[in-house]
Amino acid sequence: MGHFLHEFFSPLDFLRAVPQVWDGFKLNLQLMVVAEAFVLVLALLLAIVRGLPGRAAAPFRAAGVVYTDVFRGTPLILVLFMVQGFATLNYFGLSADTLFRNGVIALVLVYTAYVTEVYRAGIESVHPSQRMAARSLGLSYLQAMRYVVLPQAIRRVVPPLLNDFVGLQKDTALVTVIGLTEAVAQAGFYSSNFANYAAFTVAAIFFIFLTIPLARFTDQIIRQRERRERGQAV
Amino acid sequence: MSANGSHFVSLQGVTKRFDDLEVLHGIDLDVGEHEVVCLIGASGSGKSTLLRCINLLEKIDAGTIAVDGQTITGTKVDVNRLRQKIGIVFQSYNLFPHMTVLQNVTLAPRKALGISRSKAEDHARALLRQIGLEDKADEFPDRLSGGQQQRVAIVRALATGPKLMLLDEITSALDPQLIGEVLELVRELAGAGMTMIIATHEMSFAREVANKVCFLDAGVIHEEGPPNQIFSSPREERTREFLARVLEAGRL
């Protein structure tokens, strides 16, 4: 037991590892914020495209289906290696050295596929009579979407969106495989330098402390809106 | 009335199918400007579908519909502009729950008609004042009673200045004591000369407010005429049966 405690919770190593792991963790934070921003926007666009009516939109809908199937089915670690490989071809200003960008691209590719499905579920959960009412007032399809369907849909999917957001936060650790020295890589360096695992514990705590406030914050938002729109608490 | 032949709404041979089920068979119907036409008939007789076809919420399979001298069932119709001229109110209100009453009423004028926010809000408040709901302008729909919600839905449909109102069983989801306030509003609209097509189960209201009553059964208008004739001396056997059943149910 003492051995275990020393390896994972030794106070000295703990304190000594914090600055080094924090240094790497800042990169996780950046990856997370940048990737999530792209994911939230791109997935919404893709979800709208996948719901477009009419025959003219059929090729776009099909492309959307193929995209989600491919990137939801491919392990992120594989996508990371493939994007890194693609980058060495130097298209679109990418190179083997643009590690941050390559990592973001892989994360965005995979998580957009997930989040698109979340948005789609939200859009479909809004009763068709809402869209019909909006259209009957003379609003266009896209106006009905923007002002009536999406606000209700997005509100409903905040919890699952958060869930995927947490997943993304944690998966930023995987970009270590293409050589980005984020928190897990730093913890690895520390553990091999000092033969102690406390640095991994530190990294774990950073990740945990990042998700908890976000979860509470979302709970609060949901409750506030409920209270505002309903006569009494249900 | 429309003795001169200039009908505000004119349906000819309107047929609508849902897959294999034909819900409207060759409907002919003329409505003159300022006329109020009530559609009566059992649930599933096609009343709602007919109203939705006039608003192009449903595509018809055969026939033509003309509104305000314009054929609306062709290919080159600006659906959004047309719908601004036609207000429709549904049985289930369909207010937007994430918007306040004021936002519900001003959405279409602002976004579809491009009216400025302040103008749209002034107009909306004036409309809400007329129905005595100005103090609810900033409430969300869930805080209103059913009758209040339905009156807001009517005002929302009126806010784009339509020349025709389609009312689709607007009192069917209401508690009996709330029906009166909604019908009173419809009565006022009729008095102000609004052209309306009303699908309803409220027979006494139809009798009072309609210029013409049409009895629908299985997607066909079996009988139409002035309310007194339809309700007092119906010619068709089916109409008599329907009215007898309504009478039994105590709704006349």
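Protein chains in written order, with my numbering: chain Y, 1 to 234; chain W, 1 to 252. Even glycine gets a Cβ: it sits at the ideal position worked out from N, Cα and C.
With distances taken from CA atoms, which of the options is nearest residue i?
i, options, result
"L167/W", "T160/W, A153/W, A159/W", "A153/W"
"L29/Y", "L52/Y, V104/Y, V41/Y", "V104/Y"
"G51/Y", "E117/Y, G138/Y, L210/Y", "E117/Y"
"V182/W", "E139/W, F90/W, L57/W", "F90/W"
"K170/Y", "Q220/Y, F206/Y, E226/Y, W22/Y", "F206/Y"
"N102/Y", "R156/Y, V126/Y, G138/Y, V34/Y", "V34/Y"
"Q84/Y", "R72/Y, F100/Y, F71/Y", "F100/Y"
"I123/Y", "F86/Y, F4/Y, I154/Y", "I154/Y"
Decide if residue i is buried, meaning its Cβ has at least 16 other Cβ atoms within 10 Å, or exposed.
i, result
"A58/Y", "exposed"
"G179/Y", "exposed"
"S48/W", "buried"
"M99/W", "buried"
"K212/W", "buried"
"I198/W", "buried"
"F9/Y", "exposed"
"G64/Y", "buried"
"R110/W", "buried"
"I221/W", "buried"
"R235/W", "exposed"
"T88/Y", "exposed"
"P162/W", "buried"
"G219/W", "buried"
"E226/Y", "exposed"
Check the DSSP bridge columns for residue i and list the partner residues they point to.
i, result
"S10/W", "D30/W, A66/W"
"V37/W", "I197/W, K212/W"
"G225/W", "V213/W"
"T15/W", "A62/W"
"E22/W", "R17/W"
"T218/Y", "Bridge partners of T218/Y: none, in fact."
"T71/W", "A66/W"
If you run the structure through DSSP and keep just helix, strand and coil, what is residue i?
i, result
"M203/W", "helix"
"E241/W", "helix"
"V202/Y", "helix"
"V126/Y", "coil"
"V220/W", "strand"
"M1/Y", "coil"
"L44/Y", "helix"
"K119/W", "helix"
"L164/W", "strand"
"L137/Y", "coil"
"I131/W", "coil"
"G87/W", "strand"
"V77/W", "coil"
"T176/Y", "helix"
"T49/W", "helix"
"E248/W", "helix"
"V110/Y", "helix"
"P109/W", "helix"
"A195/Y", "coil"
"V225/Y", "What sits at residue 225/Y in the sequence shown is Arg, not Val. If DSSP states are grouped into helix, strand and coil, R225/Y belongs with the helices."
"R155/Y", "helix"
Mind checking whether residue i and residue j have CB atoms under 9 Å apart?
i, j, result
"T112/Y", "V39/Y", "yes"
"A157/W", "M165/W", "yes"
"V162/Y", "T74/Y", "The residue asked about is misnamed: residue 162/Y is Leu in this sequence, not Val. Against a cut-off of 9 Å, the Cβ pair of T74/Y and L162/Y comes out as no contact."
"L178/W", "G146/W", "yes"
"L82/W", "Q70/W", "yes"
"E223/W", "F215/W", "yes"
"A66/W", "Q84/W", "no"
"V157/Y", "R131/Y", "no"
Got a sec: does the ligand FAD put a non-hydrogen atom nearer than 8 Å to the Cβ of residue i?
i, result
"V184/Y", "Looking for the ligand FAD in the displayed structure turns up nothing, as the structure carries no ligands at all."
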